[in-house]
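Undergrad: Residue numbering for the sequence shown is -22 to -1, 1 to 332, as defined by mature numbering (1 follows the signal peptide of the UniProt record, and there is no 0).
For glycine and all other residues, C-beta sits at the position ideal for the given N, C-alpha and C.
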Amino acid sequence: MKQFFLASLLGSTIALCTSAMAADDLKTLEAAARAEGAVNSVGMPDDWANWKGTWEDLAKKYGLKHIDTDMSSAQEIAKFAAEKDNASADIGDVGAAFGPIAVKQGVVQPYKPTTWEQIPDWAKDKDGNWALAYTGTIAFIVNKKLLHGSEVPTKWADLKTGKYKVSIGDVSTAAQAANGVLAAALANGGDEKNIQPALLLFADIAKQGRLSMANPTIATMEKGEIEVGVVWDFNGLSYKAKMANPDDYVVLIPSDGSVISGYTTIINKYAKNPNAAKLTREYIFSDAGQINLAKGNARPIRAEHLTLPAEVKAKLLPNEQYKKVTPIKDADAWEKTSKSLPQKWQEEVIINMP
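(1) Using 7 Å as the limit for Cβ to Cβ distance, is histidine 126 near chain C?
(2) On the CB-based measure, 16 or more other CB atoms within 10 Å of its CB, does histidine 283 come out buried or exposed?
(3) Give the DSSP-derived three-state secondary structure of tryptophan 323 in the structure shown.
(4) Have a look at isoleucine 204 and histidine 126 and give me their C-alpha separation to the nearest angstrom.
(5) Pull up the CB-CB distance for tyrosine 217 and isoleucine 119, whole angstroms please, since I reckon it's below 8 Å.
(6) Nearest by alpha-carbon distance to methionine 22: which of Ala56, Asp68, Asp103 is it?
(7) Decide if methionine -2 is buried, meaning its Cβ has at least 16 other Cβ atoms within 10 Å, or exposed.
(8) Report the rounded CA-to-CA distance for threonine 258 versus leucine 36, giving the unit in angstroms.
(9) Please go through the same chain and pick out, in chain order, the residues whose beta-carbon is closer than 7 Å to the beta-carbon of tyrosine 112, but skip the five residues on each side of it.
(10) Alpha carbon to alpha carbon, how far is aspartate 103 from alanine 80?
(11) Suppose the cutoff is 6 Å on Cβ atoms and the five residues either side in sequence are ignored; what does the same chain contact list for serine 316 look like?
(12) Could you tell me which of Val303, Lys307, Thr304, Gly274 sits nearest to lysine 291, measuring between CA atoms?
(13) Does isoleucine 116 come out as helix, strand or coil in the three-state DSSP assignment?
(14) Rounded to a whole number of angstroms, what is the C-alpha to C-alpha distance between serine 233 and lysine 39?
(15) Are three or more beta carbon pairs between the region 152 to 170 and the region 248 to 262 nearer than 8 Å?
(16) Measure the alpha-carbon distance for threonine 133 versus methionine 191 and round it to whole angstroms.
(17) Is the Cβ-Cβ distance between valine 228 and valine 130 less than 7 Å?
(18) Near lysine 322, what residues of its chain come up, given a Cβ to Cβ distance below 7 Å and the 5 sequence neighbours on each side ignored?
(19) Which of the three DSSP states, helix, strand or coil, is assigned to leucine 286?
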């Protein structure tokens, strides 16, 4: 019993020391970030995942001035690499597949936030170079008024027999559309190397004249061009909220399976304000930062460790809808497959359109 008590006491002491060290480290980081006084981002605009809330908090709490230049994930990495010591950006937000690419190109520096242990292993780099702050899961957005007598589809299998048009967008340029194809493949026994089940599903829909070429966006939804759209959950929820009649729409995760991915911050190896960038990542993974993302309809990576305010929780889909979602397990295989997807889509899906 004594040994147990001593071990317990020793464990508590170590935990307290570690906590105190973390607090001291954070104070040092905060002081250094305040001295820098600014953080410049790329691909983190105010209206995406409520980044605005985070920038406002960082200004209020730490006096950090901020500017953002919106650009794609590939452009962000290219910018870090091209500017090197003449860096104009400190931090960026890129799709999950681009985290490892940024590491391979040697343009990032690591920082593990104090909540690191609460980030699932699949969603982070072991060295702290990247970690998903929020997830995107492929969902359906359904206009209940435009189903032509069909029931609301709740799974991929339902899409085969519906009377509505299905919009997935351009698989050659949009990560959302490509991931939509992967989600359909996973739900039908495929994987990152084998998307044939999804191509067969969409070919069948195309043969029936129900594959829409409209990209599921707010603009096309407002025009009534989207009957069933395949979108990231956070996009679907944001679109629904902005519609004149949001109750006409339902957003759901297909119950026979989907893919979960997300977005990660990358800190520029050459950042002029590296401490401000690290403090930004620290804040993004804090409870307040995670709640900010949830306010923008993005599902925080630490969702299961948070108590979200009731009005924020009400904006997200319930946890139980995510039971059959799968992260990308073979990133290299998916990178190869997604490069070959545009040609396969043309040859095996589009060719079947009437």
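TA: Put simply:
(1) No chain C appears in the structure shown, which is made up of a single protein chain.
(2) Its Cβ having fewer than 16 others within 10 Å, histidine 283 is exposed.
(3) The answer is helix: DSSP assigns tryptophan 323 an H, G or I state.
(4) Cα to Cα, isoleucine 204 sits roughly 13 Å from histidine 126.
(5) Contact holds; Cβ gap of about 6 Å.
(6) Of the listed residues, the one whose Cα sits closest to methionine 22 is Asp68.
(7) Because methionine -2 sits at a pLDDT of 44, beneath the cut-off of 50, its placement in the model cannot be relied upon, and the following sentence gives the value as read from the coordinates. By the 10 Å Cβ count, methionine -2 comes out exposed.
(8) The alpha-carbon atoms of threonine 258 and leucine 36 are separated by roughly 7 Å.
(9) Correct list, in chain order: Ala27, Gly240, Tyr241, Leu271, Ala276, Arg277, Pro278, Ile279.
(10) A straight line joining the alpha-carbon of aspartate 103 with that of alanine 80 spans about 11 Å.
(11) Ala156.
(12) Of Val303, Lys307, Thr304, Gly274, the residue nearest in Cα terms is Gly274.
(13) If DSSP states are grouped into helix, strand and coil, isoleucine 116 belongs with the strands.
(14) Distance between the alpha carbons of serine 233 and lysine 39 is about 42 Å.
(15) Contact between the region 152 to 170 and the region 248 to 262 is absent: fewer than three C-beta pairs spanning the two stretches fall below 8 Å.
(16) Reading off the sequence shown, one finds lysine at residue 133, where the question assumed threonine. Spanning the alpha carbons of lysine 133 and methionine 191 requires a straight line of approximately 21 Å.
(17) It is a contact, given that the beta carbons lie within the stated cut-off.
(18) The answer, listed in chain order, is Leu177.
(19) Leucine 286 falls in the coil class under three-state DSSP.
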